[in-house]
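Chains as they are written, first to last, in this note's numbering: chain A, 69 to 256; chain B, 5 to 97. Here the structure comes first, spelled out in structure tokens, and everything after it is commentary.
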Amino acid sequence: MVEPGLRGAIVWAIVPYVPEAPFRLWLGDDQPVAELPDARSYAEQVREQGLDAEQSFVVQGKLRPVLLLQDRPRGVLKEIVALRMVRLEELPEEHQTRIREQREPSLFYLPVRERYGLSKEVAIDLNALVRVHGSAFLPKAVGRLDANQMRVLGQRLAEHLDIDLEPLIATRVEERLDALTRPGEVPG
Amino acid sequence: MTTTKHVPANETRFPQPRPGEAIVVTKYGREKRKAVIMHPDDFDLLERYRRIFAGREPYEMKLSDTAIVAHEFGEHGADEAEIDLESLDRALA
Numbered sequence: 069m070v071e072p073g074l075r076g077a078i079v080w081a082i083v084p085y086v087p088e089a090p091f092r093l094w095l096g097d098d099q100p101v102a103e104l105p106d107a108r109s110y111a112e113q114v115r116e117q118g119l120d121a122e123q124s125f126v127v128q129g130k131l132r133p134v135l136l137l138q139d140r141p142r143g144v145l146k147e148i149v150a151l152r153m154v155r156l157e158e159l160p161e162e163h164q165t166r167i168r169e170q171r172e173p174s175l176f177y178l179p180v181r182e183r184y185g186l187s188k189e190v191a192i193d194l195n196a197l198v199r200v201h202g203s204a205f206l207p208k209a210v211g212r213l214d215a216n217q218m219r220v221l222g223q224r225l226a227e228h229l230d231i232d233l234e235p236l237i238a239t240r241v242e243e244r245l246d247a248l249t250r251p252g253e254v255p256g
Numbered sequence: 005m006t007t008t009k010h011v012p013a014n015e016t017r018f019p020q021p022r023p024g025e026a027i028v029v030t031k032y033g034r035e036k037r038k039a040v041i042m043h044p045d046d047f048d049l050l051e052r053y054r055r056i057f058a059g060r061e062p063y064e065m066k067l068s069d070t071a072i073v074a075h076e077f078g079e080h081g082a083d084e085a086e087i088d089l090e091s092l093d094r095a096l097a
């Protein structure tokens with residue numbers, strides 16, 4: 069199932085698209101697919117008409133390469149966070165150029181290289197965070213990003229997700245200063 | 005960040021603040037503050053605090069047209085005309 073050393077691996081995975089309105093529900097073999105126009109209608113059906121909150125949704129998905137962002141050495145968490153990639157070939161030329169010239173912090177460019185295992189040039193989309201179940205990707209990685217590339221991606225991702233790292237950094241600095249100035253202790 | 009305007013020192017008269025000191029210029033006795041004069045080192049410190057702790061702009065505000073277009077293409081599967089079978093074969097080997 070989920071093996072250690074997956075962080076930085078490029079794997080082929082089944083990635084469903086994000087459900088969006090109108091929501092299509094599969095209610096059984098003998099029932100037509102139901103369609104609800106928005107989240108409020110869905111909630112009202114649950115609240116007032118006895119619709120079970122849990123339903124089978126009809127959503128499209130796709131087999132595509134993703135970049136895994138986490139290791140799962142214990143295997144206790146079956147889902148793993150990943151980033152979806154976008155192929156360049158169908159994008160308008162001016163956007164392709166900007167991505168190739170690495171002028172786009174949201175799009176981490178990967179040219180066709182043996183180490184990436186893809187025969188088309190792609191960009192890792194930092195706005196396309198997905199979760200993939202361990203059973204939903206092929207275990208053999210086709211490529212891999214190195215530690216430096218993952219570090220760059222991590223820094224950019226924190227920004228893209230609007231994560232405020234300042235308190236954490238401030239705490240670390242204070243701990244470090246405390247260790248440096250504590251008498252009789254040699255900081256590690 | 006604070007918007008700053010520069011005024012030559014020989015064009016104005018004001019008391020000289022020491023580091024750590026703020027001189028509050030008031031009118032109507034002490035009822036209304038008109039200005040606060042501080043030492044440049046304290047102003048620099050204030051600006052650093054402002055950079056660290058000020059409310060951040062959501063990153064979405066910074067997204068370029070390219071980032072938005074590429075994201076839309078990928079989100080709806082319009083970014084590839086056909087699947088990369090060569091790569092997929094590597095995963096299946």
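C-beta atoms are modelled at their ideal positions from N, C-alpha and C, and glycine is treated no differently. Model, not experiment: these values are computed from the prediction.
Residue of the options minimising C-alpha distance to residue i
i, options, result
"residue 188 (chain A)", "A:201, A:154, A:213 and A:175", "A:154"
"residue 77 (chain A)", "A:197, A:230, A:136 and A:95", "A:136"
"residue 203 (chain A)", "A:75, A:82 and A:243", "A:82"
"residue 91 (chain A)", "A:73, A:128, A:80 and A:220", "A:128"
"residue 132 (chain A)", "A:114, A:240, A:198 and A:243", "A:198"
"residue 88 (chain B)", "A:112, A:218 and A:186", "A:186"
"residue 151 (chain A)", "A:159, A:107 and A:225", "A:225"
"residue 134 (chain A)", "A:110, A:125 and A:79", "A:79"
Alpha-carbon to alpha-carbon, residue j and residue i
i, j, result
"residue 179 (chain A)", "residue 161 (chain A)", "16 Å"
"residue 122 (chain A)", "residue 100 (chain A)", "18 Å"
"residue 51 (chain B)", "residue 26 (chain B)", "15 Å"
"residue 115 (chain A)", "residue 103 (chain A)", "17 Å"
"residue 247 (chain A)", "residue 207 (chain A)", "43 Å"
"residue 213 (chain A)", "residue 242 (chain A)", "33 Å"
"residue 175 (chain A)", "residue 74 (chain A)", "21 Å"
"residue 35 (chain B)", "residue 218 (chain A)", "56 Å"
"residue 97 (chain A)", "residue 165 (chain A)", "48 Å"
"residue 17 (chain B)", "residue 47 (chain B)", "19 Å"
"residue 250 (chain A)", "residue 54 (chain B)", "30 Å"
"residue 95 (chain A)", "residue 172 (chain A)", "43 Å"
Under the three-state DSSP convention, the category residue i falls into
i, result
"residue 66 (chain B)", "helix"
"residue 103 (chain A)", "strand"
"residue 17 (chain B)", "coil"
"residue 82 (chain B)", "coil"
"residue 44 (chain B)", "helix"
"residue 33 (chain B)", "coil"
"residue 184 (chain A)", "helix"
"residue 134 (chain A)", "strand"
"residue 222 (chain A)", "helix"
"residue 72 (chain A)", "Any reading at residue 72 (chain A) must be qualified, since the residue scores a pLDDT of 49, below 50, and its modelled position is unreliable; the value itself is stated next. Correct three-state label for residue 72 (chain A): coil."
"residue 190 (chain A)", "strand"
"residue 201 (chain A)", "strand"
"residue 124 (chain A)", "strand"
"residue 87 (chain B)", "coil"
"residue 84 (chain A)", "strand"
"residue 175 (chain A)", "strand"
"residue 237 (chain A)", "helix"
"residue 78 (chain A)", "strand"
Test: residue i CB closer than 8 Å to a CB of chain D
i, result
"residue 188 (chain A)", "Structure shown: chain D not included; protein chains present are A and B."
With 9 Å as the limit, tell me which residues of the segment 65-81 of chain B have their beta carbon closer than that to any beta carbon of chain A; keep them in chain order.
66, 67, 68, 69, 70, 71, 72, 73, 74, 75, 77, 78, 79, 80 and 81
Inter-stretch contact (C-beta, 8 Å, three-pair minimum) for the segment 40-55 of chain B and the segment 65-73 of chain B
no
On the three-pair Cβ rule with 8 Å, is the segment 226-237 of chain A touching the segment 6-19 of chain B?
no
What are the residues in the segment 198-226 of chain A lying within 7 Å of chain B by C-beta distance?
206, 208 and 210
Using a beta-carbon distance cut-off of less than 9 Å, what residues from the segment 84-101 of chain A approach chain B?
85 and 86
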